[in-house]
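Undergrad: For what it's worth, this note's numbering labels the leading residue of the sequence shown as 57, then goes sequentially.
Got a structure for you, written out below as structure tokens; questions coming shortly.
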Amino acid sequence: MKKNKEPLILAVVVFFSLLTYYLVEPFAHSQMHAHHESEGFEYKDLPALTKKGDAARGKDLVMGAGACTGCHSIEKAGVPASMEPQMAAASYGVNPPDLSNAGAVYSANFLADLIKNPAHALMVEHKFDAAKGQMHPMVAFYGAGGDMDQEVADMVAYLQSIAPKAEELTPAMAFETACGRCHAVHYEKWTQIGTKPTFKKKQDELAFDTKVLDYQDALTKYMGTLPPDLSIYIRSRGEHYIKTFVENPQQYLKGTAMPRVGVNAEAADKVIEYLEDSGDAKRHERSEIGMKVMIYIIIFAIFALLWKKEVWKDLH
């Protein structure tokens, strides 16, 4: 009798299929896309805060000499936006963020450097060179007459004092603060000026869409191109790529106009969670079903092999 080689053939096919999936494909991706390791969102190139901030003094500076509320809203403190998003984008290139969640979303040393030197903190000095008169739209804080480092520490302390606690920060809050003024997510009906509501009248919807288009036109002029919709980026790029790109865009695209976002590690995780929920909402259900399908296939293969042996046994 000839030895049955079919189980061996099946084992070889399965082995090389798994080899291709787990080794060859990741290797190909590593060659096509540069791989960079995360620095843990510590921003070691930025000076560390050396002063202990006082939130009360920081509030006076943010509301007063710091002139933050001239451009930024702070809903938590009852300070509304000075203009509509599309008007702000026409003035500054992008709508300045509401600062209510800034203390929970952004790293403290990033916030401090952002206050003192926006272009440096955002890693866009190649685009905004003060020596050439190319000023960043965000005006740097030059101090209020005292110890500047202390004043900046006070402002950071105030922003942290009004921000939600880490466990209270939702994925949507993190995304909207860090990414939502440049990127749309149409799966979530999110536009650069906010969530698109359901309209009863077509003219109201058209009016909203016009504001979005006006905003996008201003943003395109500011950035050089319209930032992409992020609905499926988590599936097309993956968590590692997105995290390390957000942490330091220049290491992937030298000279890009996209700024360093400056989020802390916890907020970065919340942003990824938001993208996973919007772009891959059924991932948990798919994983459960996938496991059940694999179990079914294995059981089916065993019964098929036994049935085949039973049918063909008289011919061997």
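Glycine included, each C-beta is placed from N, C-alpha and C at the ideal position.
Near residue 65, which residues of its chain fall below 7 Å by C-beta distance, leaving aside the five closest residues on each side in sequence?
TA: So no residue of the chain qualifies.
Undergrad: Are there 16 or more other CB atoms within 10 angstroms of the CB of residue 307, so buried, or fewer, so exposed?
TA: Residue 307 is exposed by the Cβ-count criterion.
Undergrad: Rounded C-beta distance between residue 103 and residue 151? I'm assuming under 8 Å.
TA: Actually they are not in contact, since the Cβ atoms of residue 103 and residue 151 sit about 28 Å apart, beyond 8 Å.
Undergrad: My guess is that residue 94 and residue 303 are in contact by the Cβ rule of under 8 Å, so how many angstroms apart are they, rounded?
TA: Residue 94 to residue 303, Cβ: 6 Å. Contact.
Undergrad: What do you get for residue 195, buried or exposed, if any count of 16 or more other CB atoms within 10 angstroms of its CB means buried?
TA: Exposed, since its Cβ has fewer than 16 Cβ neighbours within 10 Å.
Undergrad: One question on the structure: do residue 140 and residue 338 come within less than 9 Å of each other, judged by their Cβ atoms?
TA: No, these two residues do not count as a Cβ contact at 9 Å.
Undergrad: Is the segment 280–297 touching the segment 311–330 in the sense that three or more CB pairs, one from each, lie closer than 8 Å?
TA: Short answer: they touch.
Undergrad: If the criterion is Cβ atoms closer than 9 Å, does the pair residue 291 and residue 153 meet it?
TA: No, the Cβ-Cβ distance between residue 291 and residue 153 is not below 9 Å.
Undergrad: Considering only DSSP beta bridges, list what residue 250 is partnered with.
TA: DSSP lists 247 as partners of residue 250.
Undergrad: Less than 9 Å between the C-beta atoms of residue 207 and residue 126, yes or no?
TA: Taking 9 Å as the Cβ cut-off, residue 207 and residue 126 do not qualify as a contacting pair.
Undergrad: Who are the near neighbours of residue 370 in its chain, counting only those whose CB is closer than 6 Å to its CB and skipping five residues on each side?
TA: Excluding sequence neighbours, residue 370 sits near nothing in its chain.
Undergrad: Which ranges does the alpha helix (DSSP H) cover as unbroken runs of at least 4 residues, wholly within the segment 211–235, from first to last along the chain?
TA: Correct list: 227–234.
Undergrad: Take the Cβ of residue 305 as the centre, count every other Cβ of all protein chains shown within 10 Å, and call the residue buried at 16 or more, exposed below.
TA: When all chains shown are included, residue 305 counts as buried.
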